[in-house]
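Remarks on the structure that follows.
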Amino acid sequence: IQLTQSPSSLSASVGDRVTITCRASQDISGYLAWYQQKPGRAPKLLIYAASTLQSGVPSRFSGSGSGAHYILTISSLHPEDFATYYCQQLYGYPPITFGSGTKVDI
Amino acid sequence: QEQLVESGGGVVQPGRSLRLSCAASGFTFYSYAMHWVRQAPGKGLDWVAFISYNGGEKEYADSVKGRFTISRDNSKNMLYLQMSALRPDDTAVYSCARVLRDGYNYDYFDTWGQGTLVTVSS
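Just so you know, the protein sequences line up as chains S and P, in that order. Quick note on our numbering: the first sequence kicks off at 103 and runs consecutively. Quick note on our numbering: the second sequence kicks off at 31 and runs consecutively.
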């Protein structure tokens with residue numbers, strides 16, 4: 103299963119609403135997670151099961167979608183949100199696949 | 031506090047072998063399935079291998095199948111990745127990750143190590 107993530111990068115300002123899209127090559131029935139990664143750091147889980155917010159993650163992060171189309175939304179960008187975001191599908195693995203990433207910078 | 035710490039990376043010549051280790055602490059390691067994921071310098075995340083909680087099931091990415099072997103020692107809270115016939119395109123930071131499954135059978139990687147760098151070069 104291939105994941106196409108877009109955009110590959112975006113520039114935004116603090117307070118902006120940001121949306122990142124992840125399209126699968128087939129229906130993955132919500133088996134999708136989103137991760138945030140900062141340089142030199144391990145990925146951090148944000149969302150799993152397409153829309154479930156991981157404990158401790160700010161509510162400005164949300165996930166939506168179904169079938170083969172999924173969206174990560176940051177409702178109001180904070181300074182600490184500048185990072186790279188990856189989607190991941192876990193439908194009937196192996197294999198598990200990741201999107202190519204979206205870099206969010208100023 | 032759940033923690034995963036990888037070790038064993040380094041510089042290795044093409045065709046040689048290397049074994050990576052992942053030490054788990056702060057949780058009941060034997061209860062969880064585990065994965066290895068790698069990230070080439072400046073690139074995205076790439077899933078490598080999976081092992082079930084008791085080691086009975088193992089799965090690999092096509093790119094490493096037949097060359098890498100995942101294993102675990104639950105008595106020592108350790109996860110391993112034995113890598114052989116290494117190639118320059120195996121150069122990456124290798125991280126171990128714990129997988130959880132919620133009540134609806136949705137899996138996710140909730141805990142990651144910082145990773146260990148493997149460089150394959152002559």
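Using N, Cα and C, we set each Cβ at its ideal position, and we do this for glycine too. What you are looking at is a predicted structure, and each value in this text was computed from that prediction instead of being measured.
Interface flag, residue i vs chain P, CB-CB below 9 angstroms
{"i": "residue 154 (chain S)", "result": "yes"}
{"i": "residue 150 (chain S)", "result": "yes"}
{"i": "residue 197 (chain S)", "result": "yes"}
{"i": "residue 169 (chain S)", "result": "no"}
{"i": "residue 109 (chain S)", "result": "no"}
{"i": "residue 172 (chain S)", "result": "no"}
{"i": "residue 200 (chain S)", "result": "yes"}
{"i": "residue 160 (chain S)", "result": "no"}
{"i": "residue 104 (chain S)", "result": "no"}
{"i": "residue 143 (chain S)", "result": "yes"}
{"i": "residue 140 (chain S)", "result": "no"}
{"i": "residue 192 (chain S)", "result": "yes"}
Same chain, Cβ closer than 8 angstroms to residue i, five either side skipped, listed in chain order
{"i": "residue 117 (chain S)", "result": "178 and 179"}
{"i": "residue 106 (chain P)", "result": "none"}
{"i": "residue 153 (chain S)", "result": "132, 164, 165, 166 and 167"}
{"i": "residue 181 (chain S)", "result": "116"}
For residue i, the first and last residue of its enclosing beta strand (DSSP E)
{"i": "residue 165 (chain S)", "result": "163 to 168"}
{"i": "residue 209 (chain S)", "result": "One cannot answer for residue 209 (chain S) here, as it falls past the ends of chain S, which runs 103 to 208."}
{"i": "residue 53 (chain P)", "result": "48 to 55"}
{"i": "residue 139 (chain P)", "result": "137 to 142"}
{"i": "residue 59 (chain P)", "result": "Unbroken run through residue 59 (chain P): none, as it is neither H nor E."}
{"i": "residue 79 (chain P)", "result": "75 to 81"}
Own chain, CB closer than 6 angstroms to residue i, minus 5 neighbours either side, in chain order
{"i": "residue 100 (chain P)", "result": "79, 81, 88 and 111"}
{"i": "residue 169 (chain S)", "result": "129"}
{"i": "residue 108 (chain S)", "result": "123"}
{"i": "residue 97 (chain P)", "result": "114 and 115"}
{"i": "residue 120 (chain P)", "result": "150"}
{"i": "residue 76 (chain P)", "result": "68"}
Cβ pair residue i, residue j closer than 9 angstroms
{"i": "residue 108 (chain P)", "j": "residue 47 (chain P)", "result": "no"}
{"i": "residue 148 (chain S)", "j": "residue 132 (chain S)", "result": "no"}
{"i": "residue 64 (chain P)", "j": "residue 148 (chain P)", "result": "no"}
{"i": "residue 136 (chain S)", "j": "residue 174 (chain S)", "result": "yes"}
Residue i: CB within 8 angstroms of a non-hydrogen atom of the ligand NAP
{"i": "residue 138 (chain S)", "result": "Judged by which ligands are present, the structure shown has none, so any question about the ligand NAP falls away."}
CB contact below 9 angstroms: residue i versus chain S
{"i": "residue 91 (chain P)", "result": "yes"}
{"i": "residue 134 (chain P)", "result": "yes"}
{"i": "residue 62 (chain P)", "result": "no"}
{"i": "residue 145 (chain P)", "result": "yes"}
{"i": "residue 138 (chain P)", "result": "yes"}
Neighbourhood of residue i by C-beta, 7 angstroms cutoff - its chain only, sequence neighbours within 5 removed
{"i": "residue 206 (chain S)", "result": "112, 114, 120, 183, 184, 185 and 187"}
{"i": "residue 104 (chain P)", "result": "59 and 60"}
{"i": "residue 38 (chain P)", "result": "48, 49, 50, 51 and 146"}
{"i": "residue 197 (chain S)", "result": "none"}
{"i": "residue 56 (chain P)", "result": "31, 32 and 33"}
Alpha helix (DSSP H) runs wholly inside the region 135 to 201 of chain S, at least 4 long, in chain order: None, since the region 135 to 201 of chain S contains no complete alpha helix (DSSP H) of that length.
Go through the region 83 to 143 of chain P residue by residue and report every complete run of the beta strand (DSSP E) that reaches 3 residues or more, in order. Listed in chain order, they are 88 to 90, 98 to 103, 108 to 113, 122 to 131 and 137 to 142.
Entirely within the region 105 to 133 of chain S and at least 3 residues each: give me those beta strand (DSSP E) ranges in chain order. Whole beta strand (DSSP E) segments, 3+ residues: 105 to 108, 111 to 113 and 120 to 126.
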